[in-house]
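Encoded as structure tokens, the structure appears first; notes follow it.
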Amino acid sequence: EDQVTQSPEALRLQEGESSSLNCSYTVSGLRGLFWYRQDPGKGPEFLFTLYSAGEEKEKERLKATLTKKESFLHITAPKPEDSATYLCAVQAPGTYKYIFGTGTRLKVLA
Amino acid sequence: DGGITQSPKYLFRKEGQNVTLSCEQNLNHDAMYWYRQDPGQGLRLIYYSQIVNDFQKGDIAEGYSVSREKKESFPLTVTSAQKNPTAFYLCASSMMKIGGNYGYTFGSGTRLTVV
Chain A
4 EDQVTQSPEA
14 LRLQEGESSS
24 LNCSYTVSGL
34 RGLFWYRQDP
44 GKGPEFLFTL
54 YSAGEEKEKE
64 RLKATLTKKE
74 SFLHITAPKP
84 EDSATYLCAV
94 QAPGTYKYIF
104 GTGTRLKVLA
Chain B
8 DGGITQSPKY
18 LFRKEGQNVT
28 LSCEQNLNHD
38 AMYWYRQDPG
48 QGLRLIYYSQ
58 IVNDFQKGDI
68 AEGYSVSREK
78 KESFPLTVTS
88 AQKNPTAFYL
98 CASSMMKIGG
108 NYGYTFGSGT
118 RLTVV
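If you read the protein sequences in the order shown, they are chains A and B.
Numbering-wise, the first sequence is residues 4 to 113 according to this note's numbering.
Numbering-wise, the second sequence is residues 8 to 122 according to this note's numbering.
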């Protein structure tokens, strides 16, 4: 069964304390892996798309990487405004549908 | 600016009542989707549409209905047959091109509560 698992469920960091979020998937024939940021009560906001193992994308303090079985979202020197839920999704083979993970709730303390 | 507009932001439904959630996009996207989000669960697909006048059931379509009469609009009706409708509903859209793989653009969501 195609699945996406994110860990940890929740993460508390001090401002400036770097860390990584994990997204592991069991999908054959990956067509794309997507990272989104979601603030409370709002829709997810697109961050990155990764297509193949070894690919990396960066945006400000965020860097996403991809292997054949998982993706990492690295957060370098986070700030309180980085606090949000980070969602990972993969595109189901042969469709335009996504399979979402349950997300990682990140809290960055000042 | 292009985007997706969902309305209303908050909606209250009485037992046995049908309600309709609006979703409009001006991105000229072909595909549109409805997802449901519950605490502790990933987004679950309700319905999706790849072209006008055509749509497919997602993983949790029971108790819901949709229409796609215009490219820009994809309203979702939550019927009285949906026994647990309290949730956060998200509409999304994407381009579709052969060989392409484009991420979703999401709306800001509608929070539906049964009273």
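Built from N, CA and C at the ideal position, the CB exists for glycine as well.
Quiz item: Any Cβ of chain B within less than 8 Å of the Cβ of GLY19/A?
Solution: no
- Establish whether the CB of LYS2/A and some CB of chain B are separated by less than 8 Å. This structure cannot settle anything about residue 2/A, because the visible part of chain A is limited to 4 through 113.
**Report entry** Stretch-stretch touch, CB-based, cutoff 8 Å, three pairs: the region 67-83 of chain B with the region 12-23 of chain B
**Finding:** no
For ALA38/B and chain A, any beta-carbon pair shorter than 8 Å? At least one chain A Cβ lies under 8 Å of ALA38/B.
Inter-residue spacing [alpha-carbon to alpha-carbon] between TYR89/A and PRO92/B = Each residue's Cα considered, the two are about 24 Å apart.
> When the cut-off is 8 Å and only beta carbons count, does TYR111/B lie next to chain A?
Replying inline: With 8 Å as the cut-off, TYR111/B counts as an interface residue toward chain A.
**OP:** May I ask which residues mark the beginning and end of the beta strand (DSSP E) holding ASP85/A?
**Re:** Counting along the chain, ASP85/A falls outside any beta strand (DSSP E), and DSSP gives it neither H nor E.
Problem set entry | Euclidean distance between Cα positions of VAL93/A and LEU119/B | 27 Å
Checklist line | Residues near GLN57/B by beta carbon distance below 7 Å, same chain, minus five either side | finding: ASP37, ALA38, MET103
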